[in-house]
Amino acid sequence: MANPIPFPLHERIPRKNTLKRVVELTIFFLLLALLCYRLLNNNHSVGWKLAFLCESWFTFYWILIMNLKWNPLEYKTYPQRLLNRGIELPPVDLFVTTTDSVLESPIITVNTVLSLLALDYPTHKLACYVSDDGASPLTFYSLMEASKFAKLWVPFCKKHDLQVRAPFMYFSSKAATAATDFSPEFRQEWRKIKNGYEQLCHRIEMAIQKGVPCELSGEFAAFSGIDHRNHPTIVKVIWENRENISDEIPHLVYLSREKQPKHPHHFKAGAINVLSRVSGVMTNSPFMLNVDCDMFANNPQVVLHAMCLLLGFEKETESGFVQYLQMFYGGLKDDPFGTQAVVRIEYLLRGFLGLQGPLYAGTGCFHRRKVIYGLCATDATENKGRNIGVANGKSLEVLRTKFGDSIEFAESAAQTLYGTNYSINHPHNLSSCIEAAILVAGSAYEYNTDWGTKVGLVYGSSTEDLLTGIRIHARGWRSIYSDLDSPAFLGCAPTGGPEIMTQMIRWITGFLEILFSSRSPILATLTEKLQFRQSLAYLYILLWGPCSLPQFCYALLPAYSIFTNTHFLPMVSEPAIFISGALFIIYNLYTLSEYIQCRLSVREWWNNQRMTWITTSTACLFGFLSFFPKFLGLSENVFKVTPKDHQVTSSQGSVADANNGHFTFDESPIFVPPTVLLFVNLTALSMAFLDGSRLRLGEIICSAWMVLTFLPFLRGVLRKGIYGIPWSTICKSAMLALLFLYFSRQWACKG
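Start counting at 1 in the sequence shown, then tack on 1, and there's your number in our numbering.
Shown next, in the form of structure tokens:
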């Protein structure tokens, strides 16, 4: 009897969006109609011309949005079918990156590592590498202690099929509080594990308070007198599953790459490239997962789900990498800071799936090692099944020229690029590879190689993840975005205030670095294999910064019109008023419908609409302006680590703080532009109601809308402390608002 045809490992599901397309086209034609109205009724005023320029940009940007949302898809995966096939699962290397043991508490890193060690996957097929760019003995000590606790935690998770495998989240969840409902044997084991975790946290906290966890001798001798900006490579095999036993815990390796002031280290991109090389000479697994230290594995079957997509296509070029999005725990009700991005993920990333695939988001991503090593999609097809020794005519010496002067790494790269057996993993013990690992982690190892250009994560941008994704797509690979019923990964929810803005500025600056570089998606479409529509989708993201300028100018136009007793919108007596009114109403109903379809509240929709304007006039605007000094070589990239916290005190996972949901402020100039917009529009409304001749319905509605949008800043003006805007910012903003009023009147007189 013939063998039955196996069921597919995944299902590709197109989404019907006929109604959305109709609405999007309606908005597009309304924008065109508004532009035609302005051309046919040009009154030659400054406000009219500026409105035409801004609306032209909005029309262009709407085309980019329509392109991205036009063909949404989703994938459903079936991990049980993968297990039922009885094939040997491929090895996977897990990368965790951390930088600062103060801003990124070792307890957070420990929970992330423990969640990865406890994944539902054969443990002898996993190897966890932790990159510590701070060279902190606290981080190493915490991982040493965590490895001891893992011998209790990992079997406990798998024995009882726990769905939450980060200890701090499990013991604060309803599942933990309901443990008393289980059998006496389970309760006894549960208490033992809980006590073990509490003791682990206590030891780590005591070490943090002391500053140095123990005497820097023995295993810790490498940390003695260390400078985190200038130190040799440190590689420590914390735990090794030497016998490849399936019910042991996975390999655990600590790495702190060499740092020297005269050698650039390229921040996170450099760290992941070093991890790729170190893992290449140790385990050389064909697949790699990278996560940030504050991002624990929330779905224990995430690797199996990823393998359904990486192994389930007839052509491996269809899934160069699989991206899972970072969701957040501890989020506040109605998302007051717009950090959850649920709607953006739901519609935009599924739109990417209908093109060449989603972008690489920097964390929660499963990569094919051969793709990271720079293999083109066509070469992957042509080399399939070729002999490793032949290596497509490339000798090991040629590979050493490309990948660096390490024979061990050249051999492992040859296996990766030209091997055919996914089950191959290094049989020798990891401790024997430390010397080779130290060599490839050296600060000067990448000189005169292809690392950072054609191999590994790409250097040259503070958003190295997006740049790397563009390069992968430009080489002909496709990518996959997948979401699971239980989110694959969860991270710390950002707090409101300067931390959000700092991160956003770095993104915006990085996007512009890509746009104005030789690796721009526009050029990749012309010279490589990046599809045209995929290029437009990337442009939608890369132009977040430039979008801030027309949006900021448009936010000033209502007030300018009231100050100068002119108008930039059609008058109420004109039929064209219906164009502006329809645009305003249809667009807002369109965005609101997306939130309702995602089962989100109207309040959350409003919070996200408000945050779009706030981030546009703060981080996006400053990121856009700060790019030009870097572009001209007048300043350098500075990577700032945002503080991480994992406090969870309620059953909903939200932090118990009376001021949650309120913005925090400091004296940074980033808060000046939105405060200026608030003052300008408040002044305009006051003038309009005090002087009846200035009443313009459209302009008044727009000014009132702006005041409502920047209401958190109005509260900040009235409050004190970190929740109040500093007097220096208020004074600067008031002066700029008065200058705008003065020059508006002057321009009106000249007109």
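For glycine and all other residues, C-beta sits at the position ideal for the given N, C-alpha and C.
Since the model is a prediction, treat every value here as computed from it, not as a measurement.
Buried or exposed by the 16-neighbour rule on C-beta atoms within 10 Å, applied to residue i
i: I586; result: exposed
i: F690; result: exposed
i: K160; result: exposed
i: V399; result: exposed
i: L37; result: According to the sequence provided, residue 37 is Cys. The question's Leu does not apply to it. Exposed.
i: G394; result: For G394, the predicted structure reports a pLDDT of 44, less than 50, and the residue's modelled location is therefore unreliable. The matter cannot be settled from this model.
i: N245; result: exposed
i: M207; result: exposed
i: F741; result: buried
i: T226; result: For the record, residue 226 in the displayed sequence is Gly; it is not Thr. By the 10 Å Cβ count, G226 comes out exposed.
i: I235; result: buried
i: W508; result: buried
8 Å contact criterion, which residue i and residue j should meet: CB distance rounded
i: L307; j: F367; result: The residue asked about is misnamed: residue 307 is Ala in this sequence, not Leu. Indeed, because the Cβ distance is near 4 Å, the residues count as touching under 8 Å.
i: Y460; j: A270; result: 6 Å
i: F569; j: A52; result: 4 Å
i: N68; j: L537; result: 5 Å
i: P522; j: L531; result: 6 Å
i: P675; j: F714; result: 5 Å
i: A525; j: I471; result: 6 Å
i: G365; j: A272; result: So it is not a contact: roughly 16 Å between Cβ atoms.
i: D451; j: G375; result: 7 Å
Pairwise C-alpha distance: residue j and residue i
i: M283; j: V238; result: 10 Å
i: L139; j: L117; result: 20 Å
i: N18; j: L74; result: 10 Å
i: S102; j: Y255; result: 14 Å
i: K733; j: G662; result: 26 Å
i: R746; j: P495; result: 42 Å
i: C554; j: I194; result: 58 Å
i: R39; j: P576; result: 13 Å
i: K260; j: S132; result: 13 Å
i: R230; j: I481; result: 37 Å
i: R243; j: P123; result: 14 Å
i: T592; j: L65; result: 16 Å
i: L626; j: M505; result: 13 Å
i: E220; j: S407; result: 26 Å
i: D228; j: D134; result: 11 Å
i: G313; j: P9; result: 7 Å
i: T60; j: L584; result: 12 Å
Beta-carbon gap between residue i and residue j smaller than 8 Å
i: M289; j: R370; result: yes
i: V681; j: T730; result: no
i: F757; j: F517; result: In this structure the chain extends from 2 to 752, so residue 757 is not present and cannot be described.
i: A378; j: T318; result: yes
i: Y348; j: E595; result: yes
i: V303; j: Y325; result: yes
i: E190; j: F157; result: yes
i: C294; j: T613; result: no
i: C215; j: Y142; result: yes
i: A136; j: F268; result: no
i: K77; j: E12; result: yes
i: K335; j: R720; result: The sequence given here has Asp at residue 335, not Lys. Against a cut-off of 8 Å, the Cβ pair of R720 and D335 comes out as no contact.
i: S148; j: L253; result: yes
i: I580; j: L31; result: yes
i: T510; j: G358; result: no
i: L201; j: E249; result: no
i: P92; j: S286; result: yes
i: A475; j: E409; result: no
i: L276; j: P80; result: no
i: L90; j: A128; result: no
i: G492; j: M170; result: no
i: G405; j: Y446; result: yes
i: A442; j: V323; result: no
Per DSSP, cross-strand counterpart(s) of residue i
i: W452; result: V456
i: F490; result: A298, Q327
i: F288; result: V93, R369
i: L253; result: C129, W240
i: N231; result: D228
i: L74; result: P15
i: I481; result: V323
i: T98; result: S132, D293
i: K733; result: Beta-bridge pairing links K733 to no other residue.
i: K260; result: H232
Residue i at chain B interface by Cβ criterion, 8 Å
i: D134; result: Given the protein chain composition of this structure (a single chain), no chain B is represented.
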